[in-house]
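Colleague: In our numbering, the protein residues as written are 18 to 251.
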Amino acid sequence: MDRGRPGGDHRAFGPVWCAGGVTASERPGRTFDAVLCDLDNVIRFYDMTPLSARERAAGVPEGITAELAYAPAVDLPLLLGRATTQEWVASVTSALVARVRLAPARARELAQALADAPFRADAAVVALLRRLPEGMPLVLVTNATLDLERDLEAMGLADLADHVVSSAREGVAKPDRAIYDIAVARAGVAADRCLFVDDRRENVEAATALGMTGLHYRRPADLHGVLGPLVATG
18 MDRGRPGGDH
28 RAFGPVWCAG
38 GVTASERPGR
48 TFDAVLCDLD
58 NVIRFYDMTP
68 LSARERAAGV
78 PEGITAELAY
88 APAVDLPLLL
98 GRATTQEWVA
108 SVTSALVARV
118 RLAPARAREL
128 AQALADAPFR
138 ADAAVVALLR
148 RLPEGMPLVL
158 VTNATLDLER
168 DLEAMGLADL
178 ADHVVSSARE
188 GVAKPDRAIY
198 DIAVARAGVA
208 ADRCLFVDDR
218 RENVEAATAL
228 GMTGLHYRRP
238 ADLHGVLGPL
248 VATG
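#1: Straight-line CA distance for A204 to T48?
#2: Suppose contacts are defined by Cβ-Cβ distances below 7 Å. Is S184 in contact with N160 by that definition?
#3: Could you name the residues of the same chain whose beta carbon sits closer than 7 Å to that of L56, not counting the 5 residues immediately before and after it, in chain order?
#4: Could you please give the first and the last residue of the uninterrupted beta strand (DSSP E) stretch that includes T110?
#5: With respect to the beta strand (DSSP E) encompassing V52, which residues constitute its N-terminal and C-terminal limits?
#6: Which whole-angstrom value describes the C-beta separation of L119 and A74, a residue pair presumed to lie in contact below a C-beta threshold of 8 Å?
#7: Using the DSSP secondary-structure output, state which residues sit across from H180 in a beta bridge.
#8: Assuming L68 and L127 make a contact with CB atoms under 8 Å, what is their CB distance in whole Å?
#9: Specify the secondary structure class of Y87 as computed by DSSP and reduced to three states.
#10: With distances taken from CA atoms, which of L149, F136 and M153 is nearest G173?
#11: Are F213 and L96 close, meaning C-beta to C-beta below 7 Å?
#12: I need the straight-line Cα distance from R44 to R210, nearest angstrom please.
#13: Excluding the five sequence neighbours on either side, which residues of its own chain have a C-beta within less than 6 Å of the C-beta of H180, listed in chain order?
#14: Counting C-beta neighbours from all protein chains within 10 Å, is the total for A208 16 or more, i.e. buried, or is it exposed?
#15: Return helix, strand or coil for V214, following the three-state DSSP convention.
#16: Just how far apart, CA to CA, sit M229 and A200?
#17: Determine contact between the region 230-246 and the region 137-151, defined as no fewer than three beta-carbon pairs at a distance below 8 Å.
#18: A100 and V114 - do their beta-carbons sit closer together than 7 Å?
#19: Just how far apart, CA to CA, sit V248 and E151?
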């Protein structure tokens, strides 16, 4: 779960994709046969405006709630399916009380506001992914919570992907190699025939180390540069 986390600079990784949407490969035809795609900050985006307003009202630095919530000791149990969202909220509350000396009730208000942050799907990205050629599987590979299935349903995306690989369900999170191996197996093609899309550089680098083509996502045009020619030709 990467709500508003910066992903770093835009860059494409791997031997197959070149800047400008040009493909190059030793083999003729298309250079990948499956798309492995992140969810947060590629397809799903959170609105942190309500949380920021609450932080200002509480007199704490904007962003402090997310900073504490995404510390590995707090975040990983949630992402690995070992904690529920409400257990995570309790951990974030405790971290806020300890760090910025908020009253527990006010700290919990901020923690819950983060958990309840509204989100939306990027319509342009969803439309592009829905137009992948027949026979090219789409696998969502996401560091997510046990609420993922409900969230996909709420966005109307329950049927978007052929497979969903969730860290909370698998008990392993990106950039651990194991979650990539699971995703490749679900895709049903070799790793070197997979395109991996993620907004976090370390996750893309882990994929390219396994032979995948990597796209460090920053904007819809990045994805269109790679998938556009395939969508156009079907």
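Using N, Cα and C, we set each Cβ at its ideal position, and we do this for glycine too.
Modeller: Let me lay it out:
#1: 15 Å
#2: yes
#3: L157, T159 and A161
#4: No beta strand (DSSP E) contains T110, which is instead part of the alpha helix (DSSP H) from T102 to V117.
#5: A51 to C54
#6: In fact, because the Cβ distance is near 12 Å, the residues do not count as touching under 8 Å.
#7: V156
#8: 7 Å
#9: coil
#10: F136
#11: no
#12: Because the pLDDT of R44 is 38, which lies under 50, any placement of that residue in the model is unreliable, and the number read from its coordinates should be weighed accordingly. Distance between the alpha carbons of R44 and R210 is about 11 Å.
#13: V156 and R203
#14: buried
#15: strand
#16: 12 Å
#17: yes
#18: no
#19: 10 Å
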